[in-house]
Amino acid sequence: MVKIIKIFLSHKWEDRESANGLEGLLSNPNNKYRHITEREHIDMRNKGENAVKNYLKGIISDCNALICLIGDNTYNATGVKYELEVAKSLGKKIIAVRISQTTGGFPHLLKAWGISEVSWDAKKINDKLSSI
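Counting from 699, one number per residue, gives the positions in the sequence shown under my numbering.
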């Protein structure tokens, strides 16, 4: 039986195409696990901060892990920071994946928590997820 891992993809809204790409990478049938990804598919920033936070907390709480996509401007994204804080408070596994061909700074929270980045590679990501 294939193990199913539910993942929340945290990313800066402008990196949503990369999030689509990661979903494709993780849906490869040769993967060790079956991944179900969750993320914000619609831009909810106009709904107000509390509505967005409640919406995101509900989704993250239903997931086994959070993958944070690291792009050129992730380090200063307030939404990503909130998602990381929620995942940490809920005891979720957090994995940082560098978007190919980006050089942006690494979020300070991840550094403080001792989380290092993983390259854009399905095997390496699966290896990190294997401890769930």
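Positions of the beta carbon are idealized from the N, C-alpha and C atoms, including for glycine.
If you're wondering where the values come from, they're calculated on a predicted model, not measured in any experiment.
Reference residue i, options the options, closest by Cα
i: Asn771; options: Asp819, Pro805, Ile765, Ser828; result: Pro805
i: Ala749; options: Asn824, Gly777, Ile765; result: Gly777
i: Ala717; options: Ala763, Val795, Asn824, Ser787; result: Val795
i: Gly756; options: Glu781, Gly812, Gly803; result: Glu781
i: Ser725; options: Asn824, Ser829, Leu807; result: Asn824
i: Gly802; options: Ala775, Ala820, Ser828, Lys790; result: Ala775
i: Gly719; options: Val816, Ser798, Ile813; result: Ser798
i: Ile793; options: Ala820, Thr800, Pro727, Leu827; result: Leu827
Delimiting residues of the beta strand (DSSP E) encompassing residue i
i: Lys704; result: 702-708
i: Lys791; result: 791-796
i: Ile765; result: 763-768
Limits of the unbroken alpha helix (DSSP H) element including residue i
i: Leu808; result: 806-810
i: Ala775; result: Careful: Ala775 lies outside any alpha helix (DSSP H) and carries neither H nor E.
i: Asn728; result: Looking at the DSSP string, Asn728 is not in any alpha helix (DSSP H), and its letter there is neither H nor E.
i: Asn744; result: Looking at the DSSP string, Asn744 is not in any alpha helix (DSSP H), and its letter there is neither H nor E.
i: Ile830; result: Unbroken run through Ile830: none, as it is neither H nor E.
Burial state of residue i, where buried means 16 or more other Cβ atoms lie within 10 Å
i: Trp818; result: buried
i: Lys822; result: exposed
i: Ser759; result: exposed
i: Ala810; result: exposed
i: Glu783; result: exposed
i: Leu788; result: exposed
i: Lys701; result: exposed
i: Ser708; result: buried
i: Lys745; result: exposed
Per DSSP, cross-strand counterpart(s) of residue i
i: Glu663; result: Nothing can be reported for residue 663: it is not among the residues displayed for the chain, which extend from 699 to 830.
Using 8 angstroms as the cut-off, can you tell me whether the segment 712-727 makes contact with the segment 758-773, which would need three or more C-beta pairs spanning the two stretches below that distance?
yes
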